[in-house]
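Structure first, commentary second.
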Amino acid sequence: MTPADTRDRLLDAAERHFADHGFAGASLREITADAGANLAAVSYHFGSKEELFVAVVARVMAPINAERLRLLDAAEASAAGRPLEIEALIEIVVGPVLRARAESASACSMRVFARFQHEDAELWKRLAEGPLKVIKPRIEAALARSLPALTPPEIAYRMHFMMGAVKSVAADQHALRAFSGGLCDPGDVERTLRELVRFLAAGMCAPGAKPAARARRAGNNPRPRRAKESKA
């Protein structure tokens, strides 16, 4: 058995355990037993449990982000410098996730996708600087061009809300079917995607804070005092 085989088996086993239990709840001993390896193999191939988790997330996200970048490159080339339509941009972000869920032989990778959204700040920093770094700045820049009236914090909030909605739809398909009383079929990926894009576009395009309110929050324009009434 080659080192590459051991590494792949560790990633496969870790994906299952992280999907079921999250980072904190997964046991390295159980992962290595499942992979037919030992703790020294984790240290040799990854260095630590945290590095193993980052590697699992990177493997899950790699094909999704590659497809996002392919679609974004094509859309921006076609736009020839013009801002992208917001619906098209949102579909570039969320479409590959929903389609990956439909094409996957198991829901395990999408459960990892859902789980890593809930990890602590330090681990999220590692993910943002690693598996997510390839796509996050590109999407933020494209959103800023498409929604010039929004501030960077407003775009960041809305990106976070968007990814929360995507996580819910991709990882909890049974909930959509049950909550709708069977009216919604999560297996109809393109219909689900169209509805999700319309919903998210409305939220992304909602007006931002008024300029005066922004200035007050920044401390640059204190709320004007009401003029005193003159006495007769």
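All letters in the sequence shown, in the order written, are residues 880 to 1111 by this note's numbering. The C-beta atom is built at its ideal place from N, Cα and C for all residues, glycine as well. All values derive from a computational prediction rather than experimental measurement.
What whole-angstrom Cβ distance do residue i and residue j have, given they're in contact under 8 Å?
i, j, result
"residue 1063", "residue 1055", "5 Å"
"residue 916", "residue 947", "Incorrect: roughly 33 Å between the Cβ atoms, too far for contact."
"residue 897", "residue 991", "6 Å"
"residue 978", "residue 989", "In fact, because the Cβ distance is near 11 Å, the residues do not count as touching under 8 Å."
"residue 963", "residue 953", "Between residue 953 and residue 963 the Cβ distance is about 11 Å, and since that is not below 8 Å, they are no contact."
"residue 1023", "residue 1034", "6 Å"
Taking the alpha helix (DSSP H) that residue i belongs to, which residues open and close that run?
i, result
"residue 1008", "1000-1008"
"residue 963", "Element bounds for residue 963: n/a, residue is neither H nor E."
"residue 1057", "1052-1058"
"residue 926", "Looking at the DSSP string, residue 926 is not in any alpha helix (DSSP H), and its letter there is neither H nor E."
"residue 1013", "Careful: residue 1013 lies outside any alpha helix (DSSP H) and carries neither H nor E."
"residue 1071", "1068-1083"
"residue 1028", "First-last for residue 1028: undefined, no H or E at that position."
"residue 1112", "No statement about residue 1112 is possible, as the shown extent of the chain runs from 880 to 1111 and does not include it."
"residue 912", "907-914"
Out of curiosity, what's the CA-to-CA distance linking residue i and residue j?
i, j, result
"residue 914", "residue 950", "36 Å"
"residue 885", "residue 936", "18 Å"
"residue 922", "residue 1045", "34 Å"
"residue 1081", "residue 958", "22 Å"
"residue 1114", "residue 1065", "What the structure shows of the chain is the stretch from 880 to 1111, and residue 1114 is not part of that stretch, so it cannot be assessed."
"residue 956", "residue 926", "41 Å"
"residue 1037", "residue 1019", "10 Å"
"residue 1014", "residue 943", "10 Å"
"residue 895", "residue 928", "14 Å"
"residue 1086", "residue 1017", "23 Å"
"residue 941", "residue 1012", "11 Å"
"residue 1010", "residue 890", "15 Å"
"residue 1032", "residue 1040", "12 Å"
"residue 1058", "residue 901", "25 Å"
"residue 1105", "residue 1030", "Residue confidence for residue 1105 is low, a pLDDT of 44 falling below 50, so the modelled location carries little weight; the figure read from the coordinates is stated next. Their backbone Cα atoms lie some 29 Å apart in a straight line."
"residue 899", "residue 1042", "20 Å"
Between the Cα of residue i and the Cα atoms of the options, which residue gives the shortest distance?
i, options, result
"residue 919", "977, 1067, 882", "882"
"residue 966", "896, 1025, 981, 945", "1025"
"residue 1028", "1020, 1088, 1017, 954", "1088"
"residue 1079", "970, 1014, 1035, 981", "970"
"residue 912", "892, 901, 1021, 1057", "892"
"residue 1052", "952, 1034, 1072", "1072"
"residue 1050", "1068, 1034, 1060", "1068"
Check your understanding: Does the region 998-1018 come close enough to the region 932-945 that 3 or more CB-CB pairs lie under 8 Å?
Key -> Yes, the region 932-945 touches the region 998-1018.
Practice item. Flag this pair as touching only if the region 968-975 and the region 901-915 have three or more C-beta atom pairs under 8 Å; answer yes or no. Key: With a cut-off of 8 Å, the region 901-915 and the region 968-975 do not count as touching, because too few Cβ pairs lie within range.
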